[in-house]
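Notes to accompany the following structure.
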Amino acid sequence: MESSKKLKIAEIKGEVVDIEIKAKILSMSKREIQNDKGPLTYHYGLVGDETGVIPFTAWSIPGTVRDNDVYLISKCYTKSYKDKLRLYFDARTEFKLLTEILEVKRTYKYYEIKDLDMKDKFITVEGLLTSENKREYEKEGEKKEVFQYILKDQTGTVPISSFGRKLEQGKYARIEGVRLDEFNGYYRLNMSDKAKVEYLNVELKENDNIQDISTLKGAVGGITISGFVINMGEKSGLVVRCSECNQRVDDVRCADHPDAKLIYDIFAYFTVDDGTDYLQVNAGYEALKNIINISREYLDNPQRPPLKKEVKEKVEIALVHNALKIKGNLRINNMGLSMRSSEVSYVTNTDISYLKNEIKGVQN
Ligand SMILES: [Zn+2]
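Everything in the sequence shown is counted per this note's numbering, starting at 496 for the first residue and increasing by one.
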C-alpha cells in the first residue's frame, strides 16, 4: 500500500490528494446543514505547523480529536474554495495523536489603530513609537524590564508594552504578533520578544483626522470627532475635590481627609451627534478652558467662592447646541464607548464645511 506524501503546510501548493501533515488543531467548530439526504454535520477550523496555517473542513472526524492537540494527519487532501486553498478530512483520513510540542507560525492580520477590536487579539500594527518609559519588575526573583510607548498612526494612538526589548523611539515601526488587551476600559498592546519588528521609512502627517462616530469601535486614544452637543448631563458644572486625594467631594469635606483644603473644578458630560451616530463625552476644566469663559482665578478666588448656578449656566451655554471639535481617548464599559476629552474647541470654517456634509437634520 502506498503511503501519503509528507508535506509541511507552507509546501502545500494547489489541489493535492493523499497527503500527510504534522499539525496542531488551532480551532474547531461544528456546523449542521441540510442536504437532499437530510441533516449533515461537519467540522471546520484552522490547523497550523511551524511553517504556516491552513483552514480545514472535516466531513468526518474522530470524536477524540481536540483542539490544541498535535496530530499526524494522513490521507487528507486539498481543494480550492473561493480562491483559497483548504484542507479536507473525510472518513479515510487518519489522526495519530502526538505528544510533542509544536510551535505554530502564525500570520497576523493588519489593523489600523482605530479599527482595533478584541475579537482579533493577535495582530499586526504600524505606527510611530513615542513617549518611551522604562519600568523594572521582578519575576521569579529575576529583574526584568518593560519598555512602554504610545504607538501613533494616522487614525489614533494606543499604549504598547515591549517586554525585555527596547524599541527605537521616534521611528515608525511595523510590528507583527502583538497581543491586544483591555485594561480598566482602555485598550493596550503587549509584545514579547517573539514579535517581529521592522522599521519603515514612513512620515506621519500631523493632522486632525476627524472620525465619523459610527466608525469608532475600540477603546483607543488620539481620536478627534466633530459634531453638535445635543444635551448636557444634569450633574455637570462645578465640582469640589479634595486637595489631598483629588477625589470628588459631595459633602462639605473629604471623608478620608476631613482637614484637607477643597479645590473647585469643572466637570461636564454631554452627548455629541455628528449625523452618523452619537457619543457620550466627558471633560474637565483643562479640556473645556478654551470655550467656557471661566478663568482659573475665578475658581480659586478665596474671597468669593464660585457660584454653582453661574458655572453650570456658563458651561451649558458653551456646549449645548454648538458645533464642537473634540479630541480625546475612547473608553469602553458595559454601556459601550465613551470619550474622555483632552481638548474641546469650536469648529473652524474648514471643519464646518465638513460638518455641512455630514450633519443632516440635527440642527433646524
Ligand atoms: Zn481626600
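Even for Gly, the Cβ is constructed at its ideal location relative to N, Cα and C.
| query | At which residue ranges does the segment 589 to 623 contain complete beta strand (DSSP E) runs of 3 or more residues, listed in the order of the chain? | reply | Considered as a whole, the segment 589 to 623 harbours 589 to 593 as its complete beta strand (DSSP E) runs of no fewer than 3 residues, in chain order.
| Within 7 Å, strictly: CB atoms of isoleucine 718 and aspartate 769 | no
| task | Would you tell me roughly how many angstroms separate the C-alpha atoms of phenylalanine 642 and leucine 825, rounded to the nearest one? | result | 23 Å
| request: Spell out a yes or no on whether the segment 834 to 844 and the segment 810 to 826 are touching, meaning 3 or more CB-CB pairs, one atom from each, closer than 8 Å. | output: yes
| Is aspartate 751 near ligand 1, judged by its Cβ being under 6 Å from some heavy atom? | Indeed, a heavy atom of ligand 1 lies less than 6 Å from the Cβ.
| request: Grab me the residues of glycine 680's own chain with a C-beta within less than 7 Å of its C-beta, minus the 5 sequence neighbours each way, in chain order. | output: Ala714, Arg826, Ile827 and Asn828
| task | Quick one: grab the DSSP three-state call for glutamine 858. | result | In this prediction, glutamine 858 has a pLDDT of 47, which is less than 50 and means its spatial position is unreliable; what the coordinates show is noted afterwards. In the structure shown, glutamine 858 sits in coil (DSSP, three-state: anything other than H, G, I, E or B).
| request: Please look up how many angstroms separate the CB atoms of valine 810 and threonine 766, rounded, as I've assumed it's under 8 Å. | output: So it is not a contact: roughly 14 Å between Cβ atoms.
| Is the segment 790 to 799 touching the segment 738 to 755, taking contact as three or more C-beta pairs under 8 Å? | no
| message | So the candidates are Leu580, Lys691 and Val734; which of them puts its Cα closest to the Cα of proline 801? | response | Val734
| task | Go through its chain and collect everything with a Cβ distance to proline 557's Cβ below 8 Å, but skip five positions before and after it. | result | Phe590
| task | Starting from aspartate 795, follow the alpha helix (DSSP H) in both directions and report where the run begins and ends. | result | 791 to 795
| field | N- and C-terminal bounds of the alpha helix (DSSP H) containing alanine 813 | value | Residues 803 to 814.
| said: Strictly by DSSP, which residues pair up with serine 575? | reply: Leu580
| task | List in chain order: all unbroken beta strand (DSSP E) runs of 3+ residues lying wholly within the segment 619 to 701. | result | DSSP assignment within the segment 619 to 701 yields the following whole beta strand (DSSP E) runs of 3 residues or more, N-terminal first: 637 to 647, 652 to 658, 667 to 678, 681 to 686 and 691 to 695.
| query | Can you tell me the Cα-Cα spacing of glutamate 627 and isoleucine 705, whole angstroms? | reply | 26 Å
| query | Starting from alanine 818 and walking both ways along the beta strand (DSSP E), at which residues does that stretch end? | reply | 818 to 828
| glutamate 627 CB to nearest heavy atom of ligand 2 below 6 Å | By its list of ligands, the structure shown excludes ligand 2, since it contains just ligand 1.
| query | With which residues is threonine 843 paired in a DSSP beta bridge? | reply | None; threonine 843 has no bridge partner.
| message | Following a CB-centred definition, is glutamate 739 positioned closer than 6 Å to any heavy atom of ligand 1? | response | yes
| Can you give the Cα-Cα distance for glycine 659 and isoleucine 528, rounded to whole angstroms? | 49 Å
| said: Quick check: the Cα distance between threonine 625 and lysine 639, rounded to an integer number of angstroms? | reply: 21 Å
| Cut-off 6 Å between Cβ atoms - residues of its own chain near alanine 505, not counting five sequence neighbours on either side | Counting only Cβ-Cβ distances below 6 Å, and skipping sequence neighbours, we find Thr546 and Gly547.
| request: Enumerate in chain order the residues of its own chain whose CB-to-CB distance from valine 512 is below 7 Å, with the five nearest sequence positions on each side excluded. | output: Counting only Cβ-Cβ distances below 7 Å, and skipping sequence neighbours, we find Tyr572.
| request: May I ask you to verify whether the segment 606 to 616 touches the segment 573 to 584, counting CB pairs closer than 8 Å and requiring at least 3? | output: They do not touch, by the three-pair rule.
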